[in-house]
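Trainee: Can you read through this structure? Questions will come right after.
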Amino acid sequence: MFLQQLVNGVALGSVYALIALGYTMVYGIITLINFAHGEIFMVGAFIGLLLVSFFKVNVFVAIVGAMIFCMIMGVLIELIAYRPLRKSSRLSALISAIGVSIFLSSLALMVFGADAKGFPEGAFPVQQIQVGSADISTLQLLIIGVSAVLMLGLEFIVQKTKIGKAMRATSEDYNTAALMGINVNRVISFTFALGSALAAAGGVLVGVLFNAVSFNMGLMAGLKAFAAAVLGGIGSIPGAMLGGLLLGVSEVFGVAIGYSSYRDAIAFTILVLVLLVKPTGLLGQKITKKV
Amino acid sequence: MADFLNSLVGAVDPYMMQILVNVGVAIVLALGLNVIVGLTGQLSLGHAAFMSIGAFTSAMVTIKTGLPFSLNLVVTGVVTAIVAAAIGFPILRLTGDYLAICTLGFAEIVKVFFLNFEPTNKALGLTVPPAKTLIPMPIYVWVVAILSIVLVTFVQSSRFGRALKAIREDEIAAEAMGINTARYKIQAFALGSFLAGVGGGLYAHFLSYINPSDFGFLKSVDILAMVVLGGLGSVPGTVIGSSVLASAPEFLRFMSQYRMLVYGALLVFLMVFRPNGLLGGVNFTELLLRAVGKKRK
């Protein structure tokens with residue numbers, strides 16, 4: 001029972017972590033809460049669904065396709081809705097992000113309709129594997145595996161490549177990075193591309209897991225992933241992973257011990273409590289106020 | 001008197017009246033948020049939570065006690081303000097985005113709480129009996145809206161309001177100047193939530209049906225957009241912002257299915273071309289003086 005719930009929680013949590021990474025990277029670089037991120041996740045799920053049901057491709061190909069599509073979309077959104085606002089107040093950028101999110105979810109509502117769509121039968125062959133007392137499905141293993149691979153890939157890009165170094169420099173100090181000859185605009189576009197790709201992968205995985213894709217799935221998933229990013233310390237990549245896993249596991253355990261109707265409140269209660277005790281999140285760095 | 005007012009309301013097209021009432025309620029709500037975000041500079045993403053507390057309190061007061069509506073609204077506002085102060089006490093220590101996130105989390109918790117709260121019918125929502133007042137609802141809403149405009153205008157230029165602006169501009173400097181920032185922030189939060197509660201009470205009694213899901217994240221965002229669109233910290237701006245955004249979905253109704261699509265694009269468009277809001281940075285006294293040909297140094 002315990003092991004079973006733990007696996008369920010880790011599977012859900014790794015998806016939260018995938019989405020949370022996008023929030024945390026964008027926030028780390030331009031201190032913007034990208035509220036459209038949840039909608040990118042939703043669009044990713046729909047693209048994956050389209051690829052699987054109309055083009056009959058493998059789930060893995062669908063994930064890659066959705067990632068590429070959302071990558072382009074993320075860069076475009078940044079170009080249209082955030083870049084012109086980089087010099088103005090952060091609140092206007094926030095409203096602009098919310099505008100994008102309303103736009104995308106109503107677009108999805110118009111194109112795909114209000115009812116939840118499911119993946120076709122056998123999109124991914126599900127088998128149950130008995131491990132001790134737990135029934136682990138291959139689907140959960142897929143989710144955990146794909147998330148782990150993507151996160152390792154991200155860690156590699158951020159730590160080992162040149163553009164990753166530029167990203168770290170930009171998030172450290174935007175202006176100095178620009179003075180040092182880093183093309184800051186390109187770094188920001190790249191960050192959006194990376195974050196959106198991860199969100200899209202998360203979207204397809206969630207779509208397969210719950211077998212339901214709907215136009216309003218982005219809002220709650222986005223808010224929770226965002227809570228995960230803050231929980232781990234916003235701006236910190238390992239923090240987002242840890243926060244996502246913690247939220248997923250605690251949500252599943254909360255439901256398992258009988259608080260299913262409070263499901264959505266569990267994540268936020270933990271969030272509020274952690275913020276009150278440690279306002280920078282679990283792995284966040286303390287920001288000193290300049291006078 | 002009541003008959004006269006009723007005939008006055010009857011003379012206006014009901015559809016227009018609906019829009020007007022929506023605008024009136026939006027003004028009360030947005031002014032409340034303007035005190036918190038615009039004046040004090042504390043970003044709150046949970047205004048709808050206080051609106052829902054107000055709406056449910058007001059509805060329950062009407063159902064259980066049948067107080068006259070004016071008294072009911074005062075009770076509602078005070079209850080909401082007390083809840084806000086109790087919550088503000090711990091969370092207003094946070095600043096900037098962390099505060100925004102905390103208020104957002106709190107708003108979700110309130111929503112889930114009402115979705116599971118037996119006395120208010122859980123997720124089914126609550127049917128609200130008509131308000132106990134002789135004055136027709138639309139006029140009532142606008143009287144309250146005008147009263148709140150007057151209230152916030154006075155607050156803004158008072159000693160209290162100037163302290164709030166000082167906190168908005170620089171919290172550390174304000175603290176150094178001897179302003180008790182913690183106390184002022186909680187008071188501003190309570191005042192803004194008082195208006196949110198009153199707005200929620202009006203909303204509940206005008207629509208006569210409330211559902212916890214109506215007060216979600218998007219509602220908070222709607223109200224915030226009104227404040228930012230009009231121009232942070234500007235009372236006329238907030239009034240214009242709420243009038244525009246509260247009526248926009250109605251005016252966009254002719255393209256019914258593209259309505260929300262256009263609304264989202266409109267928000268982005270307005271922010272890109274007018275990042276400080278329609279009336280942000282516009283000083284009305286200055287304009288007035290310039291109009292009569294005087295320049296102020």
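So the protein sequences, as listed, match chains V and B.
The numbering of the first sequence is full-length UniProt numbering, which starts it at 1 and goes up by one.
The numbering of the second sequence is full-length UniProt numbering, which starts it at 1 and goes up by one.
The beta-carbon is built from N, C-alpha and C at its ideal position, and this holds for glycine as well.
All values derive from a computational prediction rather than experimental measurement.
Since I believe LEU279/B is in contact with GLY237/B (beta carbons under 8 Å), could you give me their beta-carbon distance rounded to a whole number of angstroms?
Mentor: Sure, about 4 Å apart at Cβ, within 8 Å.
Trainee: Take VAL83/B as the anchor and find which of ILE53/B, ASP13/B, ALA174/B has the nearest alpha-carbon.
Mentor: Of ILE53/B, ASP13/B, ALA174/B, the residue nearest in Cα terms is ILE53/B.
Trainee: Of all the residues that make up the region 75-98 of chain B, which are near chain V by a beta-carbon distance shorter than 9 Å?
Mentor: From the region 75-98 of chain B, only PRO90, ILE91, ARG93, LEU94, THR95, GLY96, ASP97, TYR98 have a Cβ closer than 9 Å to chain V.
Trainee: For VAL26/V, count neighbouring C-beta atoms within 10 Å of its own C-beta (all shown protein chains included) and say buried if the count is 16 or more, exposed if not.
Mentor: Its Cβ being crowded by 16 or more others within 10 Å, VAL26/V is buried.
Trainee: Find the residues of chain V that neighbour PHE106/B, judging by a C-beta separation of less than 7 Å, and give them in chain order.
Mentor: VAL272, listed in chain order.
Trainee: Taking the straight line between their C-alpha atoms, what separation do you get for MET1/V and ILE129/V?
Mentor: If I take the Cα positions, the gap works out to 15 Å.
Trainee: Quick check for students: name the residue ranges of the alpha helix (DSSP H) that lie wholly in the region 159-188 of chain B, counting only runs of 4 or more.
Mentor: Taking only runs of at least 4 residues, the alpha helix (DSSP H) segments lying wholly in the region 159-188 of chain B are 159-169, 171-176.
Trainee: Three or more C-beta pairs under 8 Å: does that hold for the region 138-158 of chain B against the region 89-103 of chain B?
Mentor: Segments in contact, no.
Trainee: Let's test the definition: count the other Cβ atoms within 10 Å of the Cβ of PHE69/V and tell me whether it reaches 16, buried, or not, exposed.
Mentor: The residue is buried, with at least 16 neighbouring Cβ atoms inside 10 Å.
Trainee: On the CB-based measure, 16 or more other CB atoms within 10 Å of its CB, does ALA265/B come out buried or exposed?
Mentor: Buried is the call here.
Trainee: So what's VAL227/B in DSSP terms, helix, strand or just coil?
Mentor: Three-state result, VAL227/B: helix.
Trainee: In the structure shown, what three-state DSSP assignment does VAL131/V receive?
Mentor: The answer is strand: DSSP assigns VAL131/V an E or B state.
Trainee: DSSP three-state call for LEU99/B: helix, strand or coil?
Mentor: Looking at LEU99/B - three-state DSSP - the assignment turns out to be helix.
Trainee: Within a Cβ cutoff of 6 Å, which residues of the same chain sit near MET137/B, ignoring the five residues on either side of it in sequence?
Mentor: Taken in chain order, the residues that qualify are PHE206.
Trainee: So, do the region 192-199 of chain V and the region 21-35 of chain V have three or more beta carbon pairs nearer to each other than 8 Å?
Mentor: Yes: the two stretches touch, three or more of their Cβ pairs being nearer than 8 Å.
Trainee: Any Cβ of chain B within less than 7 Å of the Cβ of LEU242/V?
Mentor: Not an interface residue.
Trainee: Taking only beta-carbon positions, decide if ALA81/V is within less than 7 Å of chain B.
Mentor: It does; some Cβ of chain B falls within 7 Å.
Trainee: What beta strand (DSSP E) runs, 3 residues minimum, are completely inside the region 5-73 of chain B?
Mentor: Complete beta strand (DSSP E) runs here, min 3: none at all.
Trainee: From the DSSP output, in three-state form, read off LEU3/V for me.
Mentor: Reduced to three states, the DSSP call for LEU3/V is helix.
Trainee: What three-state label does DSSP hand VAL52/V in the structure shown?
Mentor: In the structure shown, VAL52/V sits in a helix (DSSP, three-state: H, G or I).
Trainee: Okay, do the region 1-18 of chain B and the region 185-202 of chain B touch, 3+ Cβ pairs below 8 Å being the bar?
Mentor: Not touching, per the Cβ criterion.
Trainee: Near VAL235/B, which residues of its chain fall below 6 Å by C-beta distance, leaving aside the five closest residues on each side in sequence?
Mentor: For VAL235/B, where only same-chain residues beyond five positions count, the Cβ hits under 6 Å are VAL152, THR153.
Trainee: Using the C-alpha atoms, what's the distance from PRO119/B back to ILE27/B?
Mentor: Approximately 30 Å, taken between the alpha carbons.
Trainee: Tell me which residues share the same chain as ALA97/V and place their Cβ nearer than 6 Å to its Cβ, disregarding the 5 neighbours each side in the sequence.
Mentor: These residues qualify, in order along the chain: ASN34, PHE35, ALA36.
Trainee: What in chain B is Cβ-close to ASP264/V, meaning under 7 Å?
Mentor: Going along chain B in sequence order, the residues near ASP264/V (Cβ under 7 Å) are GLU108, VAL112.
Trainee: Kindly indicate the opening and closing residues of the alpha helix (DSSP H) around ALA123/V.
Mentor: Premise fails: ALA123/V is in no alpha helix (DSSP H) and is neither H nor E.
Trainee: I'd like to know whether the C-beta atoms of VAL131/V and LEU139/V end up nearer to each other than 7 Å.
Mentor: Their beta carbons are not under 7 Å apart, which means VAL131/V does not touch LEU139/V by this criterion.
Trainee: Do you know whose CA, among ASP115/V, LEU154/V, LEU32/V, ALA108/V, lies nearest ILE47/V's CA?
Mentor: Per the Cα distances, ALA108/V.
Trainee: When you check each C-beta in the region 194-223 of chain B against every C-beta of chain V, which residues fall closer than 9 Å?
Mentor: Cβ contacts with chain V come from GLY216, PHE217, LEU218, VAL221.
Trainee: Count the other C-beta atoms from every protein chain shown that fall within 10 angstroms of the C-beta of PRO275/B, then say buried if there are 16 or more, exposed otherwise.
Mentor: Classification for PRO275/B: buried.
Trainee: Mapping the DSSP letters down to three states, classify SER193/B as helix, strand or coil.
Mentor: In the structure shown, SER193/B sits in a helix (DSSP, three-state: H, G or I).
Trainee: Can you tell which of THR57/B, GLY241/B, ILE109/B has its C-alpha closest to the C-alpha of THR127/B?
Mentor: The shortest Cα separation from THR127/B among THR57/B, GLY241/B, ILE109/B belongs to THR57/B.
Trainee: For the alpha helix (DSSP H) containing SER101/V, list its first residue and its last residue.
Mentor: Note, SER101/V: alpha helix (DSSP H), 90-112.
Trainee: Are any of the Cβ atoms in chain B nearer than 7 Å to that of VAL277/V?
Mentor: Taking Cβ atoms only, chain B never reaches closer than 7 Å to VAL277/V, which makes this a no.
Trainee: In this structure, does DSSP put LEU289/B in helix, strand or coil?
Mentor: The answer is helix: DSSP assigns LEU289/B an H, G or I state.
Trainee: So the candidates are PHE226/V, GLY233/V, ASN58/V, GLN4/V; which of them puts its Cα closest to the Cα of ALA267/V?
Mentor: Of the candidates PHE226/V, GLY233/V, ASN58/V, GLN4/V, the one whose C-alpha sits nearest the C-alpha of ALA267/V is PHE226/V.
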